[in-house]
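*Asks:*
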Ligand SMILES: Nc1nc2c(ncn2[C@@H]2O[C@H](COP(=O)(O)OP(=O)(O)O)[C@@H](O)[C@H]2O)c(=O)[nH]1
């Protein structure tokens, strides 16, 4: 199929243009270990390929290198008909630097390039008029003006692509020698002088909003308010959706199992498939809601400001300002949080952020915390007569996770070799104009996040769910204690003995390696209770009667704060870092650290 | 003086980049507009030595101290 490549600098509106040109079907190709995402979609008989926004063809990070290599090879590709370079018409000078580089690349391969000046609606609103013919003569290539939002000029541009009108324009170099970086920059500057609109007019609006949003005092409040909404949204908006998914799975399970009768097949379907794998699908809505809110922040331009506000405090721990949103998201679920780390400019800081995200107390830990906290702390106890002790303990557990993450980040950033330091991109980010996000790119992002989660995590979750089910189910008609899993529990009891825990906890911990929230249900079964998930208080009473010492309980809580008991997270880490050893290594490392903490608590408290 | 010393509201010209900067970083800075004689205005300073916000050409950037100290500028007064 004939291909059209879409390139441009970040924030030039390329995603929106891509979505306006192509239909609702898109494919996204990811490259393991880097944030490079290449999207493709159809427009009539053409395939349009959207490359990540790039500042320059001279690369700094591995991510940029992969993106540029992909671009170079695609430009060479025989099927490639045309390169479309998108420019921000309100910021011609900066957009032109990359545009000229892209043009050189196209010329070298004897491919045609056209320039698209996006945001023409804003240019018109400011009352400016860009001399397209003049610019086109200077650049030696066709120039189109359009707005991906108001759709001005889109139809004409589509026509031009479909009729291949650009072919009347021979491949030609711009009217200036371009070899050194300085020549690229100078030519961009001189073109901007003639053709661009007054920059102060463009920047006035955004600077005015920033006076408020970046103000040390008011801006701080705005930041807290926005983050509070983000955090709330994950729980309040996602909850009904999650319940919905649960209901759908349950009724589907009911429907299917009515044909399978009683027996192993039904038990397998119910417990391993609908119960085990199904409990993961419940997280899909939460992941999508989170992606949606982060997408809103990014497309509106606020994300860059949030990074700026958080940069200084986080830099003490070797993190970037952009690590904040991933950390915050990690309190809902580590998986979208790890994916959100893609926006971190420095690969090293991105890696450190991803490695420490699992320490954030995600929502799957909540039932475990709730159970153990209610065993040890009476609900009517108050600190200073005002703070509920249970609430304070929860807060303490969250803080423990965050502090551990920061300590580990600081250690990692100091221990890593300093050679990499040199070519590390320092923290310098563009503050884009504030803009109203458009639903189309957001929609694709949200759908894609759900799909990726399922694609990456489903296989490993399926295997673990089936494995645990088999171990717990056989030999037939045995109770959980007498099952293979029970035998393993008894067998490894010595491992958990130093933590003060008996075989029941051992089994529950083993089972929760599938996912933490399984712990409560499993422990309930072992205490001879049905449906402990819904009756946490009842189980807590049982545990209390059994007499679990305080130190052991605290140890168990700390174990759950630190241990990376989530195979879906490991699968995501593996995909995002492109490093399986590292991901499973982290799994082991956090497991060992958790064990040590639990041991210390059990011994000394 | 360096960009880090620029106060809010002040304007200066870029004079040069620190010569020991990694080539790829200085190339990127030039491509972003940090090029000799470009006009640069400090829009905002943050508390506790957080990143500063500047306008250069048609872009607004935020830079942390480390990199701002590697960009040398000359203010109008020093020129005259
Ligand atoms: N007013 C206006 N807004 C636009 C236009 N094109 C894109 N946007 C908005 O600008 C923001 C950045 O666009 P996006 O497509 O994410 O940029 P990208 O970083 O190049 O992919 C989004 O909020 C878009 O909705 C346009 O032509 N006019």
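Residue numbers (the UniProt record's numbering), protein chains in the order written: chain B, 1 to 605; chain Z, 1 to 80. Even for Gly, the Cβ is constructed at its ideal location relative to N, Cα and C. This structure is a prediction, so every number in the text was calculated from the model and none was measured.
1. Assign residue 2 of chain B to one of two classes, buried (16 or more other C-beta atoms within 10 Å of its C-beta) or exposed (fewer than that).
2. Could you pull out every unbroken alpha helix (DSSP H) segment of at least 4 residues lying fully inside the UniProt domain "Ferrous iron transporter FeoA-like" (1 to 75) of chain Z, listed in chain order?
3. Taking 7 Å as the cut-off, is the beta-carbon of residue 299 of chain B closer than that to any non-hydrogen atom of ligand 1?
4. Could you tell me whether any Cβ in chain B is nearer than 8 Å to the Cβ of residue 66 of chain Z?
5. Mind checking if residue 35 of chain Z is an interface residue toward chain B, Cβ cutoff 8 Å exclusive?
6. Taking the alpha carbon of residue 9 of chain B as the point to measure from, which residue in B:93, B:556 and B:39 has its own alpha carbon closest?
7. Report yes if the C-beta distance between residue 150 of chain B and residue 288 of chain B is below 8 Å; otherwise report no.
8. Considering residue 308 of chain B, what are the terminal residues of the beta strand (DSSP E) in which it resides?
9. Beta-carbon within less than 8 Å of residue 308 of chain B's beta-carbon, same chain only, minus the 5 sequence neighbours each way: which residues are those?
10. How would you call residue 127 of chain B, buried or exposed, if buried means at least 16 neighbouring beta carbons within 10 angstroms?
11. Does residue 576 of chain B come out as helix, strand or coil in the three-state DSSP assignment?
12. Between the stretch 451 to 464 of chain B and the stretch 278 to 292 of chain B, do at least 3 Cβ pairs fall closer than 8 Å?
13. Evaluate residue 35 of chain Z with the Cβ neighbour count: other Cβ atoms within 10 Å of its Cβ, from every protein chain shown; 16 or more gives buried, anything less gives exposed.
14. For residue 381 of chain B, decide whether its Cβ has a neighbour in chain Z, counting only Cβ atoms nearer than 8 Å.
15. Strictly below 8 Å CB to CB, what residues from chain Z border residue 196 of chain B?
16. When you compare only the Cα positions, how much space is there between residue 220 of chain B and residue 581 of chain B?
17. Show which residues of chain B have a CB atom less than 9 Å away from the CB atom of residue 27 of chain Z.
18. Are the stretch 28 to 46 of chain B and the stretch 153 to 167 of chain B in contact at 8 Å, needing three or more beta carbon pairs?
19. Cβ of residue 122 of chain B within 7 Å of any heavy atom in ligand 1?
20. Got a sec: does ligand 1 put a non-hydrogen atom nearer than 7 Å to the Cβ of residue 606 of chain B?
21. Measure the alpha-carbon distance for residue 64 of chain B versus residue 516 of chain B and round it to whole angstroms.
22. Would you kindly report the start and end of the unbroken beta strand (DSSP E) that includes residue 40 of chain B?
23. Establish whether the CB of residue 12 of chain Z and some CB of chain B are separated by less than 8 Å.
24. Among the residues of its own chain, which have a CB less than 8 Å from the CB of residue 17 of chain Z, if the five just before and after it don't count?
25. Where do the ends of the alpha helix (DSSP H) carrying residue 200 of chain B lie?
26. By the criterion of Cβ-Cβ separation under 9 Å, what are the contact partners of residue 206 of chain B in chain Z?
27. In the stretch 529 to 577 of chain B, which residue ranges form an unbroken alpha helix (DSSP H) of at least 4 residues, counting only runs that do not cross its ends?
28. Give the interface partners of residue 430 of chain B over in chain Z, defined as CB-CB distance under 9 Å, in chain order.
29. Quick check on residue 9 of chain Z - is its C-beta less than 8 Å from some C-beta in chain B?
30. So which residues on chain B does residue 100 of chain Z lean against when the C-beta distance must stay under 7 Å?
31. Helix, strand or coil, according to DSSP, for residue 152 of chain B in the structure here?
32. Would you tell me roughly how many angstroms separate the C-alpha atoms of residue 23 of chain Z and residue 18 of chain B, rounded to the nearest one?
33. When you compare each of B:323, B:345 and B:346 to residue 337 of chain B by their alpha carbons, which one comes out closest?
34. Return the CA-CA distance between residue 536 of chain B and residue 567 of chain B, expressed in angstroms with no decimal places.
35. Would residue 503 of chain B pass as a contact of residue 493 of chain B if the rule is Cβ separation under 8 Å?
36. Kindly indicate if chain Z contains any beta-carbon less than 8 Å away from that of residue 422 of chain B.
*Replies:* Short version:
1. With fewer than 16 Cβ atoms within 10 Å of its Cβ, residue 2 of chain B is classed as exposed.
2. Whole alpha helix (DSSP H) segments, 4+ residues: 23 to 32 and 65 to 68.
3. For residue 299 of chain B, the shortest separation between its Cβ and any heavy atom of ligand 1 lies below 7 Å.
4. Answer yes: the Cβ-Cβ gap between residue 66 of chain Z and chain B drops below 8 Å somewhere.
5. Chain B, which has a Cβ nearer than 8 Å to the Cβ of residue 35 of chain Z, makes this yes.
6. When only C-alpha atoms are compared, the closest one is B:93.
7. Contact flag unset, no.
8. No beta strand (DSSP E) holds residue 308 of chain B; the alpha helix (DSSP H) holding it covers 302 to 315.
9. Closer than 8 Å at the Cβ level, and outside the excluded window around residue 308 of chain B, lie 214, 321, 429 and 431.
10. With fewer than 16 other Cβ atoms inside 10 Å of its own Cβ, residue 127 of chain B counts as exposed.
11. Shown here, residue 576 of chain B sits in a helix according to DSSP, grouped into three states.
12. Between the stretch 451 to 464 of chain B and the stretch 278 to 292 of chain B there are three or more inter-stretch CB-CB distances shorter than 8 Å, so the stretches are counted as touching.
13. Buried: at least 16 other Cβ atoms inside 10 Å.
14. With 8 Å as the cut-off, residue 381 of chain B does not count as an interface residue toward chain Z.
15. Within chain Z, the residues near residue 196 of chain B are 58.
16. If you take the alpha carbons of residue 220 of chain B and residue 581 of chain B, they lie about 40 Å apart.
17. The contacting residues are 56, 58, 60 and 181.
18. Taking a cut-off of 8 Å on C-beta distances, the stretch 28 to 46 of chain B touches the stretch 153 to 167 of chain B, as three or more cross pairs fall below it.
19. Yes, Cβ of residue 122 of chain B sits closer than 7 Å to a heavy atom of ligand 1.
20. Within the shown structure, residues of chain B are numbered from 1 to 605, placing residue 606 of chain B beyond reach of any answer.
21. If you take the alpha carbons of residue 64 of chain B and residue 516 of chain B, they lie about 37 Å apart.
22. It spans 37 to 43 - the beta strand (DSSP E) in which residue 40 of chain B sits, taken as one unbroken run.
23. No, residue 12 of chain Z does not count as interfacial toward chain B.
24. So the qualifying residues of the chain are 26, 29, 30, 34, 70, 71 and 72.
25. Note, residue 200 of chain B: alpha helix (DSSP H), 199 to 213.
26. Correct list: 60.
27. As far as the stretch 529 to 577 of chain B is concerned, its whole alpha helix (DSSP H) runs of at least 4 residues are 536 to 546, 550 to 562 and 567 to 577.
28. Correct list: 32, 59, 60, 61 and 62.
29. The Cβ of residue 9 of chain Z sits no closer than 8 Å to any Cβ of chain B.
30. In the structure as shown, chain Z begins at 1 and stops at 80. Residue 100 of chain Z is therefore absent and cannot be evaluated.
31. The answer is coil: DSSP assigns residue 152 of chain B none of H, G, I, E or B.
32. Answer to the nearest angstrom: the Cα atoms are 34 Å apart.
33. Nearest Cα to residue 337 of chain B within the set B:323, B:345 and B:346: B:323.
34. If I take the Cα positions, the gap works out to 25 Å.
35. A contact, by the Cβ cut-off of 8 Å.
36. Annotation note: pLDDT 46 at residue 422 of chain B (below 50); position unreliable, no value reported.
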